[in-house]
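Q: Residue numbers (my numbering), protein chains in the order written: chain A, 168 to 559; chain F, 15 to 252; chain C, 383 to 711.
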Amino acid sequence: MATDFYDIDSALSEEERAVRDTIRAFVDEEVLPIIGDCYIEGRFPKELVPKMAELGMFGANLPEEYGCAGLNNVSYGLIMQELERGDSGVRSFASVQGALVMYPIFAFGSEEQKRHYLPKMASGEIIGCFGLTEPDYGSNPSGMITRAREQKDGSWVLNGAKMWITNGSTAQVAIVWAKTGDEKSDKSIRGFVVPTDAPGFSAKDQKGKLSLRASDTSELVLQDVKVPATALLPKSGGIKSPLMCLTQARYGIAWGAMGAAMACYEEALAYAGNRVMFGRPIGGFQLQQQRLADMLTELVKGQLLALHVGRLKDAGTFLPQQVSLAKRNNVSVATDIAREARRLLGANGILAEYASMRHMANLESVYTYEGTHDIHTLILGQAVTGLSAFEN
Amino acid sequence: MDVRFKVGADAISLDETGLKFDINDFDAWAVEAALQLREKNAGSEVTAISLGPDVVQETIRKALSMGADRGVQLKADKVPFDGLAIATALAAELKTGGYDLILFGKMSPDSSNGVVGPMTAELLALPCVTAISSLAIEGGKGTAKRELEGAQEIVEFQLPAVLTVDEGLNTARYPSLKGIMAAKKKPLDVKPAQLPTPQVTVRKLELPPERKAGRIIGEGATAVPELIRLLQSEAKVL
Amino acid sequence: MANVFAFVESRGSELRKVGLEAVTAARTLADDSGGGEVHAMVLGPTGIAGKAQQIAQYGADVMLVVEHADLANYSPEVATATAAERIKAGGYRGAIFSTSAQGRDLAPRVAARLGVSVVTDVLSFEVDGEAIIVRHPINIGKVIATLAISGKPAVIAMRPNVISPAQNAKAGRVENVPPAIDPKSARVIVKETKQGTSGKLDLAEAPVVIAGGRGLKVAENFKLVEELAAAFGNAAVGATRAVTDDGWRPHSDQIGQTGRLVSPELYIAVGISGAVQHLAGMRTSKTIVAINKDKDAPIFKIADYGLVGDVFEIIPALTAAVREAKKHH
Numbered sequence: 168m169a170t171d172f173y174d175i176d177s178a179l180s181e182e183e184r185a186v187r188d189t190i191r192a193f194v195d196e197e198v199l200p201i202i203g204d205c206y207i208e209g210r211f212p213k214e215l216v217p218k219m220a221e222l223g224m225f226g227a228n229l230p231e232e233y234g235c236a237g238l239n240n241v242s243y244g245l246i247m248q249e250l251e252r253g254d255s256g257v258r259s260f261a262s263v264q265g266a267l268v269m270y271p272i273f274a275f276g277s278e279e280q281k282r283h284y285l286p287k288m289a290s291g292e293i294i295g296c297f298g299l300t301e302p303d304y305g306s307n308p309s310g311m312i313t314r315a316r317e318q319k320d321g322s323w324v325l326n327g328a329k330m331w332i333t334n335g336s337t338a339q340v341a342i343v344w345a346k347t348g349d350e351k352s353d354k355s356i357r358g359f360v361v362p363t364d365a366p367g368f369s370a371k372d373q374k375g376k377l378s379l380r381a382s383d384t385s386e387l388v389l390q391d392v393k394v395p396a397t398a399l400l401p402k403s404g405g406i407k408s409p410l411m412c413l414t415q416a417r418y419g420i421a422w423g424a425m426g427a428a429m430a431c432y433e434e435a436l437a438y439a440g441n442r443v444m445f446g447r448p449i450g451g452f453q454l455q456q457q458r459l460a461d462m463l464t465e466l467v468k469g470q471l472l473a474l475h476v477g478r479l480k481d482a483g484t485f486l487p488q489q490v491s492l493a494k495r496n497n498v499s500v501a502t503d504i505a506r507e508a509r510r511l512l513g514a515n516g517i518l519a520e521y522a523s524m525r526h527m528a529n530l531e532s533v534y535t536y537e538g539t540h541d542i543h544t545l546i547l548g549q550a551v552t553g554l555s556a557f558e559n
Numbered sequence: 015m016d017v018r019f020k021v022g023a024d025a026i027s028l029d030e031t032g033l034k035f036d037i038n039d040f041d042a043w044a045v046e047a048a049l050q051l052r053e054k055n056a057g058s059e060v061t062a063i064s065l066g067p068d069v070v071q072e073t074i075r076k077a078l079s080m081g082a083d084r085g086v087q088l089k090a091d092k093v094p095f096d097g098l099a100i101a102t103a104l105a106a107e108l109k110t111g112g113y114d115l116i117l118f119g120k121m122s123p124d125s126s127n128g129v130v131g132p133m134t135a136e137l138l139a140l141p142c143v144t145a146i147s148s149l150a151i152e153g154g155k156g157t158a159k160r161e162l163e164g165a166q167e168i169v170e171f172q173l174p175a176v177l178t179v180d181e182g183l184n185t186a187r188y189p190s191l192k193g194i195m196a197a198k199k200k201p202l203d204v205k206p207a208q209l210p211t212p213q214v215t216v217r218k219l220e221l222p223p224e225r226k227a228g229r230i231i232g233e234g235a236t237a238v239p240e241l242i243r244l245l246q247s248e249a250k251v252l
Numbered sequence: 383m384a385n386v387f388a389f390v391e392s393r394g395s396e397l398r399k400v401g402l403e404a405v406t407a408a409r410t411l412a413d414d415s416g417g418g419e420v421h422a423m424v425l426g427p428t429g430i431a432g433k434a435q436q437i438a439q440y441g442a443d444v445m446l447v448v449e450h451a452d453l454a455n456y457s458p459e460v461a462t463a464t465a466a467e468r469i470k471a472g473g474y475r476g477a478i479f480s481t482s483a484q485g486r487d488l489a490p491r492v493a494a495r496l497g498v499s500v501v502t503d504v505l506s507f508e509v510d511g512e513a514i515i516v517r518h519p520i521n522i523g524k525v526i527a528t529l530a531i532s533g534k535p536a537v538i539a540m541r542p543n544v545i546s547p548a549q550n551a552k553a554g555r556v557e558n559v560p561p562a563i564d565p566k567s568a569r570v571i572v573k574e575t576k577q578g579t580s581g582k583l584d585l586a587e588a589p590v591v592i593a594g595g596r597g598l599k600v601a602e603n604f605k606l607v608e609e610l611a612a613a614f615g616n617a618a619v620g621a622t623r624a625v626t627d628d629g630w631r632p633h634s635d636q637i638g639q640t641g642r643l644v645s646p647e648l649y650i651a652v653g654i655s656g657a658v659q660h661l662a663g664m665r666t667s668k669t670i671v672a673i674n675k676d677k678d679a680p681i682f683k684i685a686d687y688g689l690v691g692d693v694f695e696i697i698p699a700l701t702a703a704v705r706e707a708k709k710h711h
């Protein structure tokens with residue numbers, strides 16, 4: 168059992184707590200013992216995928232009829248929280264698989280596509296990745312240049328490059344977003360389920376990362392990749408489609424960031440109680456107590472924020488801008504909590520034996536992806552003023 | 015997690031504020047053993063039974079989410095310390111169940127008494143093997159291993175039987191998320207526990223005295239002579 | 383004036399120390415209840431009767447010897463039936479067992495058959511009018527409960543090693559008691575009792591316990607711990623759950639929340655960080671010594687004496703020093 172200073176457990180149902188407990192046990196027993204080494208080696212622990220699938224972590228909030236667990240959104244959030252207590256890279260894998268691969272198939276796919284892909288993705292048999300971001304189009308996905316040209320026989324030919332794609336090199340399918348018409352407009356953007364073994368498709372791991380090292384991050388190149396008509400996600404259309412997927416993922420990340428923050432706070436608290444300097448535990452010194460109090464305060468606030476947006480999502484009344492607020496706040500405070508924890512740990516805090524610096528480095532990626540902090544700032548600015556600060 | 019207990023104002027019960035209840039390890043291994051047996055014996059059914067106030071329903075549902083088929087709560091306001099009282103209530107429920115095997119954890123950390131399993135077996139006049147660390151069932155007979163102090167017993171027994179489970183028998187599975195969802199739909203019957211008047215009652219609960227703070231006496235092999243001196247003169251154990 | 387029953391545990395043809403503890407405890411209870419006899423039962427194969435006279439040395443007035451060729455191994459059903467039958471007929475004030483693996487198996491069955499309750503892991507007892515009051519740790523020893531037992535007989539299983547077998551010779555007449563059921567008819571049969579490779583001294587009996595943990599790096603390094611135990615001469619070797627889960631040592635060596643609870647005079651923790659789970663099993667040891675390379679390891683908070691440093695340097699040095707110290711006694 169961990170810190171629950173505001174008894175948030177009492178605001179969770181028994182089922183939600185059971186979901187949280189099972190993922191927590193999995194992370195404690197299977198992820199934490201190996202993740203420090205994986206991070207140093209720069210390797211995603213792929214061997215955990217079957218177990219994660221068996222527990223039902225992929226697409227957990229999608230319906231049971233597609234082989235998924237059919238959980239509510241608060242439960243989904245708790246899964247992300249607990250996975251990211253382990254590592255942001257592990258949680259990213261689940262976020263991509265669930266929110267960015269299974270969700271678009273569920274939301275925009277044909278019944279046939281849903282029945283073909285979703286159960287196999289829930290079971291981990293098919294791993295997917297999400298191809299939206301490009302080398303020159305990150306915060307502005309509407310500017311993408313990846314193109315899909317329809318052929319006379321109804322098939323499509325895709326050309327372009329995507330970058331910063333989690334699971335890219337291990338995925339069997341890629342959900343690729345491409346413009347099917349006028350390059351200057353984002354209205355023609357549509358989604359395609361592209362098998363990664365299609366001729367012309369290649370994925371290459373991006374090396375030299377100092378963050379999210381226990382995760383596969385790849386470039387994708389599509390050179391005249393031909394896919395049948397059945398690869399198109401029929402209900403997709405416009406930039407709105409991939410943005411809806413991002414909203415799903417961002418929601419999970421608002422929870423996940425708090426998971427990382429919890430891990431750092433608890434590590435710092437335990438250390439402060441054991442580490443003796445000047446004749447007593449450092450937790451007794453005012454400056455460390457201030458650190459801990461500040462960390463705890465932001466942790467509680469962030470958890471309550473995530474919980475409330477989860478309840479709104481379950482009620483069906485939520486707005487993407489509410490998710491933006493939660494993602495922006497929670498990731499930002501999590502980076503602070505991780506850094507402060509790292510500092511409290513002193514020299515020991517730079518070792519992989521302790522989690523805080525790994526979380527600190529990871530959270531820089533989380534700050535930047537799924538909409539940078541700054542982008543969410545503008546989303547909120549536009550939401551409240553009605554004025555867009557995005558472009559001239 | 016290091017739980018610190020507080021004695022309640024009445025001095026004979028624990029202050030339960032802030033305490034979280036969960037299935038204990040021995041019971042989880044017992045549930046796992048039952049599930050593994052069900053997997054090997056098609057057509058079997060696993061029933062999870064617990065005695066106590068409504069909070070035990072969560073523990074029963076944990077067993078259901080691991081895969082048990084149905085649950086029974088023998089409802090009682092408080093779980094008495096008296097193992098015979100608990101065993102009596104359980105035996106009344108189990109008598110008509112037609113069970114081939116009844117599994118218990120070796121001991122509950124709460125009472126730390128470890129008697130309910132064998133007492134229930136006696137009341138049901140069933141064969142019983144306690145503290146098993148390995149188990150094989152074949153054609154109405156079973157073989158189990160028990161750890162003794164510095165030795166092991168190999169035991170054979172007939173079914174139906176009562177077994178209590180020790181560490182080492184298995185590793186309990188995590189409830190899957192689908193299992194957690196499915197648990198809500200499985201039947202959980204609530205019946206009043208038929209508890210007799212207890213013969214063992216709590217007179218007082220108290221916390222054990224805190225150990226005196228110790229000290230680090232030195233570093234490396236050079237500290238060994240000082241340790242010997244302290245063990246001889248101060249602690250007087252050498 | 384009341385008689386008290388004691389169950390003397392045996393293994394094969396040998397009496398176990400915990401069995402003699404039960405006799406001493408029964409003697410105390412009988413004396414505290416206004417005087418009375420102690421009747422001590424022991425079961426075993428042919429030849430056990432020869433050992434019975436020892437029991438009289440510890441205060442037994444009558445030895446109830448159940449000797450039978452088919453009792454080379456423990457028989458729960460024979461022991462239960464025979465003990466319960468005799469206790470019922472004898473009208474005893476109390477029935478004392480030990481909280482050993484066998485005692486945990488037997489005492490509850492006997493109690494249930496007699497229609498009375500049982501308290502195990504008893505630290506101490508006293509007579510209070512019609513009730514017998516016992517102290518028993520609950521919540522894995524984090525709380526001590528004082529309990530009143532109203533049933534007769536009061537069935538109690540003592541914690542091993544809290545009572546020292548005390549010489550209190552009585553005349554001790556032997557009564558041969560046949561098994562209450564035919565051992566071959568039992569529905570639970572112990573086919574074999576396999577002696578383990580650990581030394582003669584059990585963790586619960588040894589005055590000194592030396593436990594090893596992950597800090598020893600590999601299973602082979604437990605040799606260092608065994609050598610230290612040998613230097614003491616009266617020590618048993620234990621282990622943490624981490625190393626028993628990994629198969630370095632048998633589960634029965636595990637000291638901790640789900641393993642053995644020990645309370646020796648001296649406990650030495652070698653390369654053990656001090657997880658809460660482990661502390662639960664040894665926290666009541668009289669003197670605790672911890673050796674670990676990490677000075678912030680939680681074990682140092684509970685240790686009376688801590689040594690920070692490399693266990694591979696410290697343990698051999700300690701072993702040599704202990705041998706030297708023992709030589710001069």
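C-beta: ideal position from N, C-alpha, C; glycine also.
Out of F/Thr31, F/Gln246, F/Asp180, which one is the CA nearest neighbour of F/Arg160?
A: F/Asp180
Q: Taking Cβ-Cβ distances shorter than 7 Å, what residues in chain A pair up with C/Pro680?
A: Asn441
Q: State buried or exposed for F/Lys253, treating a residue as buried only when at least 16 other CB atoms are found within 10 Å of its CB.
A: It is not possible to answer for residue 253 of chain F, since the shown part of chain F is limited to 15 through 252.
Q: Are any of the Cβ atoms in chain F nearer than 9 Å to that of A/Ile246?
A: Residue contact with chain F for A/Ile246: present (Cβ-Cβ distance below 9 Å to some residue of chain F).
Q: Can you tell me which of the three DSSP states C/Lys683 falls into?
A: helix
Q: Can you name the residues of chain C whose CB is closer than 7 Å to the CB of F/Glu30?
A: None at all; the shortest Cβ gap to chain C is about 12 Å.
Q: Using 8 Å as the cut-off, can you tell me whether the stretch 601-609 of chain C makes contact with the stretch 635-643 of chain C, which would need three or more C-beta pairs spanning the two stretches below that distance?
A: Segments in contact, no.
Q: Note down, in chain order, each residue of its chain lying with its Cβ closer than 8 Å to the Cβ of A/Met168, except the 5 sequence neighbours on either side.
A: Any answer about A/Met168 is weak, because its pLDDT of 46 lies below 50 and its placement is not dependable; what the coordinates show is given next. Apart from the 5 residues on each side of it in sequence, A/Met168 has no Cβ closer than 8 Å to any other Cβ in its chain.
Q: Chain F beta carbons: is any one of them nearer than 9 Å to that of A/Leu285?
A: Not an interface residue.
Q: Which same chain residues, not among the five before or five after A/Pro251, have their C-beta less than 6 Å away from its C-beta?
A: The question names Pro, but residue 251 of chain A in the sequence shown is Glu. Contacts found: Arg258, Gly423, Gly426, Ala427.
Q: Inspect the CB distances between the stretch 389-399 of chain C and the stretch 525-534 of chain C and report whether three or more fall short of 8 Å.
A: no
Q: By Cβ distance below 6 Å, which residues in the same chain neighbour C/Val400 in space, the five residues on each side in sequence not counted?
A: Glu391, Ser480, Ser482, Pro542
Q: Does the beta-carbon of C/Met540 have 16 or more other beta-carbons within 10 angstroms, so that it is buried, or is it exposed?
A: Under this definition C/Met540 is a buried residue.
Q: Taking Cβ-Cβ distances shorter than 9 Å, what residues in chain F pair up with C/His633?
A: Ser147, Glu161, Asp180, Glu181, Gly182
Q: Does the contact criterion of 3 or more C-beta pairs under 8 Å hold for the stretch 519-530 of chain A versus the stretch 455-465 of chain A?
A: Taking one beta carbon from each stretch, the stretch 519-530 of chain A and the stretch 455-465 of chain A have fewer than 3 pairs nearer than 8 Å; the two do not touch.
Q: If you measure from the beta carbon of C/His421 to each beta carbon in chain F, is any gap under 9 Å?
A: no
Q: Do A/Asp364 and A/Asn334 have their beta-carbon atoms positioned less than 9 Å apart in this structure?
A: no
Q: Check A/Phe638 in the structure and name its three-state DSSP category.
A: Because residue 638 of chain A is not part of the residues shown, which for chain A are 168 to 559, the question remains open.
Q: Straight-line CA distance for A/Leu545 to A/Gln488?
A: Looking at the backbone, the Cα of A/Leu545 and that of A/Gln488 are separated by about 10 Å.
Q: Quick one: using the 10 Å Cβ neighbour count with 16 as the cut-off for buried, is A/Glu278 buried or exposed?
A: exposed
Q: One question on the structure: do C/Ser567 and F/Gly97 come within less than 9 Å of each other, judged by their Cβ atoms?
A: no
Q: Does the stretch 415-428 of chain C come within contact of the stretch 236-249 of chain F, defined as at least 3 CB pairs closer than 8 Å?
A: no
Q: Hey, how far is the Cα of F/Leu173 from the Cα of A/Gly419?
A: 50 Å
Q: Quick check on F/Asn55: buried or exposed, where buried means 16 or more other Cβ atoms within 10 Å of its Cβ?
A: exposed
Q: Between C/Glu508 and A/Thr464, what straight-line distance do the alpha-carbon atoms span, to the nearest angstrom?
A: 52 Å
Q: Chain A partners of F/Pro189, CB-CB under 7 Å?
A: Chain order gives the chain A residues near F/Pro189 as Ala185, Thr189, where near means a beta carbon separation below 7 Å.
Q: A/Val263 and A/Ala416: beta carbons closer than 9 Å?
A: yes
Q: Report yes if the C-beta distance between C/Asn490 and F/Gly131 is below 9 Å; otherwise report no.
A: It should be noted that the sequence gives Pro, not Asn, for residue 490 of chain C. Yes, these two residues count as a Cβ contact at 9 Å.
Q: Let me check one thing: in DSSP terms, what residues is A/Leu399 bridge-paired to?
A: A/Phe359
Q: What did DSSP end up calling C/His421 once you bin it into helix, strand or coil?
A: strand
Q: Check this for me: beta carbons of F/Glu233 and C/Val652, under 9 Å apart or not?
A: Taking C-beta atoms as the reference points, F/Glu233 and C/Val652 fail to come closer than 9 Å.
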